[in-house]
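Working notes, beginning with the structure itself.
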Amino acid sequence: MWVHLKSLRQAKTGYGPLIRELLAEAENERMHLMFFIDIAQPNWLRER
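Residue numbering for the sequence shown follows our numbering, beginning at 130 and increasing consecutively.
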């Protein structure tokens with residue numbers, strides 16, 4: 130949040146590559162979670 134506000138105040142851009150990298154990492158983690166749920170089939174997650 131602070132980076133966003135600082136960027137607005139200074140009228141700078143250039144965080145695009147970082148954001149794309151973070152989105153790719155989030156997608157990777159999501160796929161790992163889906164793989165784990167598919168393989169392990171933890172019942173405690175499905176009961177809630």
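Each residue gets a CB set at the ideal place from its N, CA and C atoms; glycine is no exception. Values in this document were obtained by computation on a predicted structure and should not be read as measured data.
In the structure shown, the three-state DSSP call for M160 is helix. Under the DSSP assignment, Q139 falls in the alpha helix (DSSP H) whose first and last residues are W131 to Q139.
In the structure shown, P146 adopts helical secondary structure according to DSSP, grouped into three states. Across the set H133, I168, E156 and F165, the C-alpha of H133 shows the shortest separation from the C-alpha of G145.
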